[in-house]
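Heads up, the thing below is written out as structure tokens.
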Amino acid sequence: MSKNARDRSIDPASQEMLALASRAGLETAWDRLEKQQPQCGFGELGLCCRNCNMGPCRIDPFGEGPQRGVCGATAEIIVARNLLRSIAAGAAAHSDHARDVAHIFKLVSQGKATSYSITDKAKMERLMKEYGVADQIALAEAILSEFGKQDGPIKFVSRAPAKRLDLWKRLGIEPRGIDREIVECMHRTHMGVDNDPLNLILQGLRASLADGWGGSMIATELQDVLFGTPVPTFSETNLGVLEKEKVNIVVHGHEPILSQMIVAAASDPEMIDLAQNQGAEGINVAGMCCTGNEILMRHGVPSAGNFLQQELAVATGAVDAMIVDVQCVMPALGALAGCYHTKLISTSPKAKFPGATHMEFHEETAYDTARSIVRAGILNFKNRNPSRVHIPEIKSKAMVGFSVETIVDALGGSLDPLLGAIKSGAIRGIGAVVGCNNPKIQHDFGHVNLVRELIKKNVLVVTTGCNALACAKAELLQPEAADLAGDGLKGICKALGIPPVLHMGSCVDISRILVAAAAIADALGVDISDLPAAGAAPEWMSEKAVSIGAYVIGSGVFTVLGTVPPVLGSPAVAALLTEGAKDVLGASFAVEPDPFKAASLMIEHIDEQRKKLGL
Ligand code: SF4
Ligand code: MSK
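In the working numbering, the protein residues as written are 21 to 635.
Laid out in structure tokens, this is it:
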């Protein structure tokens, strides 16, 4: 195996495929990152601005060249504006996903999207009560109106502890309508509007809170209503879940609206017959990234891997169709799929890709479209070249699907046993570890080592997104992983039969972590910032992660980032995020690429909080 492959990933299946890709002369994200070197220093520092056509402008970080853009914007202003635009983009991605789910919920309520139905009626009724409405259509309308709400905070904000709500009010960052906050970010960063870095960052917090306690939370809640609230389920992860003798259909992206239907269509007897007529043993659906997490936790559909494995899956030569919706889908996939027989199928009118066949998916005709898409994958099976098929025989068992409701159930109906374990010190604290892969960090190295360190020191880990999949592949989501935990955490996990790392879902499901944190804080009579808890995103890359980071610290959770955000061009903004925020929000960011040191930072913080609580 080439040293290169080992340097690029710690995951043996990915190493195997990287070595194959290199032998075959296939280009991957790692190669493209190398070709981008050196990356633009102004960009890395956040010091370039092209918000108007007097620019583009850039500030010389060494103080020798220009210190102001043509309009007079300083490094502080440019860095803060760029940060705000990233938050707006990330919040928009999560929230537009939520809008699609809310739209389907409305269509289902009106009897217009017959492919879908209500799966968790009890949750829907709880939501109706929370919104104070009497019927399903009224609930759909109330939720849809959250996006454009002009005045007053969005509903789910009231799920936060009273102290936090009060703080947001005092700071003027209680989020109003989700669309309104995002539009305001774009307005304020237009040339000649908001030029006060602190004011810009406060708006960033407000928009991000509209994501975490709004868009993301709406997506999670309504997906549970429509597709079911996850319960613990066993499944498998990694490229070894692809099957040589079956039609392999990989669903990639973020929205379960599509992947749910693909799963249903692939188990249609007519489709299975068709697959068998084409010479396959059957149909194997596998997930990728977060849409994969959605069907993994609800249906136990195996996941082929996380973000950096999307190209490696195609390079197995065994993927007959890769079906994509929105977010985290590399535009490189089309060209790579063209080197194989793989059909790349785009489905969202919002997301088209070079080299893809577009089969547009609409809610009203969801099942029929899903059948056509699955059929296209089946009919492509015969085009597979068996001599080019190479599936690594590597996969791991994982226990997934820990919604807040499930965790409470596993604890016997209340949070008391968890609180007792935290108070006694058996559980030292809670670590929320989330986020993407980024080829700037050895694939999965940050995720897996950080999580291993935390559980070793009795920190219970909750995880979502690509971290969850990294942990699954590293066998940390199995009850047997309790043996890797410190004695206190091990004892609790063994007694409950759960892993020390709890899979809570996809990226939008970080909202589940917010709900859990609020419930624990309420039970202890404190704010979220007082909890012995810390967050981390060891390999983050997307703008969604910027929004997540902002709402997580805005909600009071100290967070360690593994890749450096583009803010170092302004020492004032960097200081505000890493120090100043602590005085105001009770939480701040730290940046630490070394996962072992990052774990120490989180544990130090957890211990400090324990001391303050007298634990
Ligand atoms: Fe340059 Fe100011 Fe225009 Fe940005 S807004 S491109 S700093 S002139
Ligand atoms: S898929 S946003 S790479 S976690 Fe949610 Fe993974 Fe990050 Fe996409």
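Cβ coordinates follow ideal geometry from the N, Cα and C atoms, glycine included.
Computed from a prediction, not measured in an experiment: that's the story for all the values here.
Requested in this report: Check whether the Cβ of N326 sits closer than 7 angstroms to any heavy atom of the ligand MSK, and report yes or no.
Outcome: The sequence position of residue 326 within the sequence shown is 306, counting from 1. At least one heavy atom of the ligand MSK is nearer than 7 angstroms to the Cβ of N326, so yes.
Query - For C68, the nearest candidate out of V349, L127, R78, N102 (CA to CA) - result: Position 48 of the sequence shown holds residue 68. Out of V349, L127, R78, N102, R78 has the C-alpha closest to the C-alpha of C68.
Requested in this report: Using only the heavy atoms of the ligand SF4, determine whether one of them is closer than 7 angstroms to the beta carbon of M281.
Outcome: Numbered from 1 along the sequence shown, position 261 holds the residue referred to as residue 281. Not under cutoff, so the answer is no.
Query raised in the report: Under a three-way DSSP split, which group does F578 fall into?
Result: The residue you call residue 578 lines up with position 558 of the sequence shown. Coil.
Query raised in the report: Under the three-state reduction of DSSP, which class applies to K126: helix, strand or coil?
Result: Within the sequence shown, residue 126 is the residue found at index 106, counting from 1. In this structure, K126 counts as helix in the three-state DSSP scheme.
Query raised in the report: DSSP three-state call for S37: helix, strand or coil?
Result: In the sequence shown, residue 37 corresponds to position 17, counting from 1. The question names Ser, yet the displayed sequence has Met at residue 37. DSSP places M37 in helix when its eight states are reduced to three.
Query - Cβ shell of M379 (< 8 angstroms), same chain only, five flanking positions each side left out - result: Stepping through the sequence shown from its first residue, residue 379 is reached at position 359. So the list reads I365, S366, T367, T389, S392, I393, A396, once near-sequence residues are dropped.
Report task. With a cut-off of 8 angstroms on the beta carbons, I'd call G440 and R630 a contact; round off their distance for me. Result -> Counted from its first residue, the sequence shown places residue 440 at position 420. Counted from its first residue, the sequence shown places residue 630 at position 610. 14 angstroms between Cβ atoms; not a contact.
Query raised in the report: Does DSSP put S590 in a helix, a strand or coil?
Result: The sequence position of residue 590 within the sequence shown is 570, counting from 1. Reduced to three states, the DSSP call for S590 is coil.
Requested in this report: Alpha carbon to alpha carbon, how far is K493 from R26? Give it in angstroms, no decimals.
Outcome: Position 6 of the sequence shown, counted from the start, is the residue given in the question as residue 26. Position 473 of the sequence shown, counted from the start, is the residue given in the question as residue 493. Each residue's Cα considered, the two are about 16 angstroms apart.
**Report entry** Straight-line Cα distance separating I548 from L438
**Finding:** Indexing the sequence shown from 1 puts residue 438 at position 418. Indexing the sequence shown from 1 puts residue 548 at position 528. Spanning the two alpha carbons is a distance of roughly 16 angstroms.
Query - Assigned secondary structure, M21 (DSSP; H/G/I helix, E/B strand, else coil) - result: Start at 1 with the first residue of the sequence shown, and residue 21 comes out as number 1. Annotation note: pLDDT 46 at M21 (below 50); position unreliable, coordinate value reported separately. Correct three-state label for M21: coil.
Requested in this report: May I have all residues whose beta carbon comes closer than 5 angstroms to any heavy atom of the ligand SF4, sorted in chain order?
Outcome: C69, N71, C72, M74, G75, C77, G89, V90, C91, A93, M211
Query - Cβ-heavy atom distance, A565 to the ligand MSK, below 7 angstroms - result: Reading the sequence shown from its first residue, position 545 is the one you call residue 565. Yes.
Requested in this report: Would you identify the three-state DSSP class for I343, choosing helix, strand or coil?
Outcome: Indexing the sequence shown from 1 puts residue 343 at position 323. I343 falls in the strand class under three-state DSSP.
Query - Where K477 falls: helix, strand or coil (DSSP) - result: Along the sequence shown, read from residue 1 onward, the residue named residue 477 stands at position 457. Coil, per DSSP.
Query raised in the report: Going by beta carbon distance, what residues of the same chain come within less than 6 angstroms of G421, once the five residues before and after it are set aside?
Result: Counting from 1 along the sequence shown, the entry for residue 421 is found at position 401. P250, V251, P252, T253, M317, listed in sequence order.
Query raised in the report: How close, in whole Å, do the beta carbons of C356 and N457 come, if the pair is a contact with beta carbons under 8 angstroms?
Result: Along the sequence shown, one-based indexing puts residue 356 at 336. Along the sequence shown, one-based indexing puts residue 457 at 437. It is Leu, not Cys, that sits at residue 356 in the sequence shown. With a Cβ gap of about 17 angstroms, L356 and N457 do not count as contacting.
Query raised in the report: So A554 and G569 are in contact, right, with Cβ under 8 angstroms, and what is the actual spacing, rounded?
Result: Locating residue 554 in the sequence shown gives position 534, counting from the first residue. Locating residue 569 in the sequence shown gives position 549, counting from the first residue. The pair is not a contact, with the Cβ atoms about 13 angstroms apart (cut-off 8 angstroms).
**Report entry** Under the three-state DSSP convention, the category T139 falls into
**Finding:** The residue you call residue 139 lines up with position 119 of the sequence shown. DSSP places T139 in coil when its eight states are reduced to three.
Report task. Determine the burial state of M342: buried for a count of at least 16 other Cβ atoms within 10 Å of its Cβ, exposed for fewer. Result -> Position 322 of the sequence shown, counting from 1, holds the residue named residue 342. It counts as buried.
Query raised in the report: Under the DSSP definition of a beta bridge, which residues are partnered with A610?
Result: Here the question's residue 610 lines up with position 590 in the sequence shown. Paired residue(s): V580.
Query raised in the report: For the ligand MSK, is there a heavy atom less than 7 angstroms away from the beta-carbon of C456?
Result: Taking the first residue of the sequence shown as position 1, residue 456 is located at position 436. Flag set: Cβ of C456 near the ligand MSK.
Requested in this report: Note down, in chain order, each residue of its chain lying with its Cβ closer than 6 angstroms to the Cβ of K460, except the 5 sequence neighbours on either side.
Outcome: Within the sequence shown, residue 460 is the residue found at index 440, counting from 1. Excluding sequence neighbours, K460 sits near T583.
Query raised in the report: Which stretch, first to last residue, makes up the beta strand (DSSP E) that contains V213?
Result: Indexing the sequence shown from 1 puts residue 213 at position 193. Segment: none, V213 is in no beta strand (DSSP E) and carries neither H nor E.
**Report entry** Chain-order list of residues whose beta-carbon lies under 7 angstroms from that of Q130 (same chain, five-residue window excluded)
**Finding:** Locating residue 130 in the sequence shown gives position 110, where the first residue counts as 1. I157.
Query raised in the report: Does the Cβ of R28 have 16 or more other Cβ atoms within 10 Å, making it buried, or fewer, making it exposed?
Result: Locating residue 28 in the sequence shown gives position 8, where the first residue counts as 1. Buried: at least 16 other Cβ atoms inside 10 Å.
Query - Residue burial classification, D199 (beta-carbon count within 10 angstroms, cutoff 16) - result: Translated into the one-based positions of the sequence shown, residue 199 becomes position 179. The residue in question, D199, is buried, as its Cβ has 16 or more Cβ neighbours within 10 Å.
Query raised in the report: How many angstroms separate the CA atom of S620 from the CA atom of E612?
Result: As a working mapping, residue 620 is identified with position 600 in the sequence shown. As a working mapping, residue 612 is identified with position 592 in the sequence shown. When rounded, the distance between both Cα atoms is 10 angstroms.
**Report entry** Own chain residues within Cβ distance below 8 angstroms of T311, not counting five before or after
**Finding:** The sequence position of residue 311 within the sequence shown is 291, counting from 1. Cβ within range, chain order: V271, H272, G273, H274, E275, P276, L278, S279, D345, S526.
Report task. Starting from the Cα of S135, find the closest Cα among L164, L259, L104, M281 and give me that residue. Result -> Working through the sequence shown from its first residue, we reach residue 135 at position 115. Comparing Cα positions, the closest option is M281.
Query raised in the report: Ordered along the chain, which non-local residues of its own chain (more than five positions away) have a Cβ less than 6 angstroms from that of L633?
Result: Locating residue 633 in the sequence shown gives position 613, where the first residue counts as 1. Within the same chain, L633 has no close Cβ partners at all.
Requested in this report: Inspect the CB distances between the region 211-219 and the region 85-98 and report whether three or more fall short of 8 angstroms.
Outcome: yes
Query raised in the report: What are the boundary residues of the alpha helix (DSSP H) that M524 is part of?
Result: Indexing the sequence shown from 1 puts residue 524 at position 504. Run containing M524: none; DSSP gives neither H nor E here.
Query raised in the report: How about L53 and R208: do their beta carbons lie closer than 8 angstroms?
Result: Counted from its first residue, the sequence shown places residue 53 at position 33. Counted from its first residue, the sequence shown places residue 208 at position 188. In this structure, R208 does not lie closer than 8 angstroms to L53 by Cβ.
Report task. For Q87, I'd like the list of residues in its chain whose CB is within less than 8 angstroms of its CB, leaving aside the five on either flank, ordered along the chain. Result -> Working through the sequence shown from its first residue, we reach residue 87 at position 67. Taken in chain order, the residues that qualify are I79, D80, T94, A95.
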